[in-house]
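Quick note on the working numbering: the sequence shown kicks off at 2 and runs consecutively.
Read the structure below first, then the notes.
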Amino acid sequence: MNTGSNVVVRDKIASRMLEAKLVTEQQLQEATEIQKRDGGSLGHALVRTGAVEEEQYCDFLAKMYNLTVIDLEETQIETECIDLIPPDVARKFQVLPIGRRGRVLTVAMANPSNIFAIDDIKFITGFDVQPAVCAESAIKKAIDNFYATGDSLATIMEGMEDDIEIVEDQDDDDLLGQEGQNAPVVKLVNTLLAEAVKMGASDVHIEPYEQHMRVRYRVDGILEEVMQPPIKLKNAITSRIKIMSELDIAERRVPQDGRIKIKIGNKKIDLRVSTLPCIFGEKVVMRILDKSNLMLDLTNFGMEPAAVEGVMNAIAAPWGMVLVTGPTGSGKTTTLYSCLSRLNNPDLNIMTAEDPVEYNLDGINQVQVREAIGLTFAASLKAFLRQDPNIVMVGEIRDLETGGIATKAALTGHLVLSTLHTNDAPSTINRMVDMGIEPFLVASSTILIMAQRLVRRICDNCKEEDKVPDDALTRIGLAKGTVVYKGKGCNRCGGTGYKGRQGLYEVMPITGILREMILDRSSTADLRKKAREDGMITLREDGLLKIEKGITTVEEVLRETTVVD
Numbered sequence: 002m003n004t005g006s007n008v009v010v011r012d013k014i015a016s017r018m019l020e021a022k023l024v025t026e027q028q029l030q031e032a033t034e035i036q037k038r039d040g041g042s043l044g045h046a047l048v049r050t051g052a053v054e055e056e057q058y059c060d061f062l063a064k065m066y067n068l069t070v071i072d073l074e075e076t077q078i079e080t081e082c083i084d085l086i087p088p089d090v091a092r093k094f095q096v097l098p099i100g101r102r103g104r105v106l107t108v109a110m111a112n113p114s115n116i117f118a119i120d121d122i123k124f125i126t127g128f129d130v131q132p133a134v135c136a137e138s139a140i141k142k143a144i145d146n147f148y149a150t151g152d153s154l155a156t157i158m159e160g161m162e163d164d165i166e167i168v169e170d171q172d173d174d175d176l177l178g179q180e181g182q183n184a185p186v187v188k189l190v191n192t193l194l195a196e197a198v199k200m201g202a203s204d205v206h207i208e209p210y211e212q213h214m215r216v217r218y219r220v221d222g223i224l225e226e227v228m229q230p231p232i233k234l235k236n237a238i239t240s241r242i243k244i245m246s247e248l249d250i251a252e253r254r255v256p257q258d259g260r261i262k263i264k265i266g267n268k269k270i271d272l273r274v275s276t277l278p279c280i281f282g283e284k285v286v287m288r289i290l291d292k293s294n295l296m297l298d299l300t301n302f303g304m305e306p307a308a309v310e311g312v313m314n315a316i317a318a319p320w321g322m323v324l325v326t327g328p329t330g331s332g333k334t335t336t337l338y339s340c341l342s343r344l345n346n347p348d349l350n351i352m353t354a355e356d357p358v359e360y361n362l363d364g365i366n367q368v369q370v371r372e373a374i375g376l377t378f379a380a381s382l383k384a385f386l387r388q389d390p391n392i393v394m395v396g397e398i399r400d401l402e403t404g405g406i407a408t409k410a411a412l413t414g415h416l417v418l419s420t421l422h423t424n425d426a427p428s429t430i431n432r433m434v435d436m437g438i439e440p441f442l443v444a445s446s447t448i449l450i451m452a453q454r455l456v457r458r459i460c461d462n463c464k465e466e467d468k469v470p471d472d473a474l475t476r477i478g479l480a481k482g483t484v485v486y487k488g489k490g491c492n493r494c495g496g497t498g499y500k501g502r503q504g505l506y507e508v509m510p511i512t513g514i515l516r517e518m519i520l521d522r523s524s525t526a527d528l529r530k531k532a533r534e535d536g537m538i539t540l541r542e543d544g545l546l547k548i549e550k551g552i553t554t555v556e557e558v559l560r561e562t563t564v565v566d
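So this is what it looks like as structure tokens:
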């Protein structure tokens with residue numbers, strides 16, 4: 002369809018609105034820029050710019066798709082339907098279940114053309130979905146009302162104050178000044194941190210935009226918005242965090258990294274702070290390092306018995322290299338710390354090079370890598386070898402120099418532990434060869450490779466049997482009639498149906514035949530085939546075992562793993 006517009010229109014709704022002359026080319030262009038910058042739907046961006054009224058936009062959508070317009074304030078919402086859609090799904094797609102008749106679930110949607118949302122809701126609920134058009138602002142308000150996440154933050158500016166203090170490097174008892182404690186921004190930041198720790202968040206994101214700012218927590222690997230502080234506070238909030246982490250509050254043009262030590266009640270927490278200049282201010286991300294949540298017992302990781310045995314045998318070796326692979330946030334560092342904790346004895350010299358040092362481990366010599374001054378992983382590793390080490394951990398093998406030194410160290414009487422970013426265990430071999438490390442070095446030094454992912458655990462408090470059709474079970478590799486579970490959603494899990502996370506592990510010991518195959522430069526597929534013949538289970542297979550045990554859901558395993566030949 003040719004609208005005669007100079008704007009490239011890829012959005013079906015926008016093109017229809019242009020055709021109906023409800024918006025102009027210029028208004029569409031402005032809304033497109035806002036959508037690119039802030040996210041969300043193009044329709045919502047058109048409403049925000051004032052190009053159309055929200056009510057007018059909803060009426061247009063309803064006529065276009067032959068649907069009903071729902072006014073949530075005038076609609077009797079069946080509260081028992083709310084639990085059918087988890088809060089993270091409701092927020093992701095901006096939807097709200099409002100009623101059910103037989104096998105048909107009526108869902109208020111800001112964007113009824115989102116077939117992915119409709120398909121996901123069908124799969125999650127097991128019902129047919131009847132969309133109804135609703136204003137996005139009304140859906141957001143209703144989601145906040147019906148799903149409890151962030152309730153305590155809603156009262157944050159009403160004087161809520163937490164027992165939180167900054168801990169200096171040597172003095173754990175220095176309190177914030179009374180004057181600072183009474184400042185609204187200090188209370189806001191304190192409460193944000195206290196709530197994040199209370200919810201078990203791993204990260205806090207503070208993001209400024211042109212007209213608003215938002216705070217999101219990453220809980221069990223999923224980001225969820227918890228509040229939108231007043232936009233006028235964006236510089237004050239950033240400055241407060243910079244003061245706490247001893248960063249330069251006057252420098253807003255370049256990224257900065259720092260750390261904060263705080264005490265919330267009797268719990269000491271480390272925060273890793275990163276600031277990044279964006280076009281409307283500095284984005285701040287704080288990684289929460291709560292040592293009380295650090296699990297260091299490998300036997301409690303939920304690995305299958307054969308996998309545990311393989312890892313234990315590998316780290317008991319006097320020399321060689323153990324590699325842990327996976328994407329950022331998959332728990333690689335925790336696994337390495339757990340291995341080091343098991344090996345940590347007074348008769349061993351253990352040294353680590355990390356970027357950054359996430360947790361302080363007593364009895365282990367930890368070095369913070371600083372690329373800017375030349376203290377790289379490779380430089381640290383070279384220095385370690387002059388320090389009479391028994392065991393060396395290198396945070397990541399990023400290049401040929403680090404990989405070459407690590408493999409040679411593993412061949413000269415040292416146990417070396419490190420990480421790489423690869424999709425699975427077998428592909429790690431050819432990744433190292435592609436870096437330029439000779440196959441004979443890889444084959445003779447490597448004793449075990451472990452790939453891992455994290456999936457969310459089903460909440461034990463609201464766990465219930467899930468109805469999944471047999472054809473869907475067989476399609477993902479489960480037997481017909483397999484009983485699978487899901488979380489209904491409750492106050493304990495914030496309505497998500499999930500509480501905590503579980504690792505999936507693919508453990509590949511390097512056997513004699515695999516060494517010969519590495520020397521022969523065998524393909525990843527061939528290495529994988531041989532490893533599976535030797536008893537290795539893949540990430541997907543481990544995920545299926547966790548589904549059968551009722552630990553996690555089908556959706557989580559599908560999200561984090563893939564089928565391999």
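Every residue, glycine too, gets a C-beta built ideally from N, C-alpha and C.
- Residues M200, G201, A202 of the same chain have their beta carbon placed closer than 7 angstroms to that of V220, with the five preceding and five following residues left out of the count.
- L62 is the residue among R102, P209, L62 whose C-alpha sits nearest the C-alpha of A136.
- Rounded to the nearest angstrom, the Cβ distance from P113 to Y66 is 5 angstroms, consistent with a contact under 8 angstroms.
- For V485, the closest alpha carbon among the candidates P470, Y499, D291, E466 is that of E466.
- Secondary structure at A452: strand, using DSSP grouped into helix, strand and coil.
- As DSSP reads the structure, L277 sits in a beta bridge with K284.
- Between A411 and A452, the C-beta gap is not smaller than 8 angstroms, which leaves the two residues out of contact.
- Looking at the DSSP output, T420 shares a beta bridge with V325.
- In this structure, the CA atom of I122 is about 41 angstroms from the CA atom of P510.
- For R241, the CB contacts under 7 angstroms within the same chain, skipping 5 residues up- and downstream, are V186, V187, V190 in chain order.
- Relative to E557, the option among G488, H213, D521 whose CA is nearest is G488.
- Residue nearest to A308 within the set G504, N424, Q36, V48 is G504 (criterion: CA-CA distance).
- The continuous beta strand (DSSP E) containing G259 extends over residues 257 to 265.
- Shown here for E359: same chain residues with a beta carbon closer than 6 angstroms to its own, the five before and five after excluded, namely L290, T334 in chain order.
- Note on D461: under 16 other CB atoms within 10 angstroms of its CB, so exposed under the neighbour-count rule.
- By a beta-carbon distance limit of 8 angstroms, P440 contacts I519. Their separation comes to about 6 angstroms.
- Checking the DSSP bridge columns, you'll see E439 has no partner listed.
- Taking C-beta atoms under 8 angstroms as the contact rule, T554 and R454 fail to qualify, at a distance of about 14 angstroms.
- DSSP assignment within the segment 23 to 103 yields the following whole beta strand (DSSP E) runs of 3 residues or more, N-terminal first: 96 to 102.
- Exposure of K233 is indicated by the presence of fewer than 16 other C-beta atoms within 10 angstroms of its C-beta.
- Between the alpha carbons of K500 and K550 lies a distance of about 16 angstroms.
- Contact annotation: the segment 406 to 420 touches the segment 329 to 343, with at least three C-beta pairs closer than 8 angstroms.
- In the three-state scheme derived from DSSP, where H, G and I count as helix and E and B as strand, V368 is classed as strand.
- Distance from T408 to L382 at the Cβ level is roughly 11 angstroms; contact not present, criterion being Cβ atoms closer than 8 angstroms.
- Non-local beta-carbon contacts of S42 in its own chain, meaning distances under 6 angstroms to residues more than five positions away in sequence, involve N112 in chain order.
- E79 is positioned such that its CB atom lies closer than 8 angstroms to that of G100.
- Contact between V96 and I86 holds: CB atoms are separated by about 7 angstroms, below the 8 angstroms threshold.
- One thing to note: I398 has its Cβ no nearer than 8 angstroms to the Cβ of A315.
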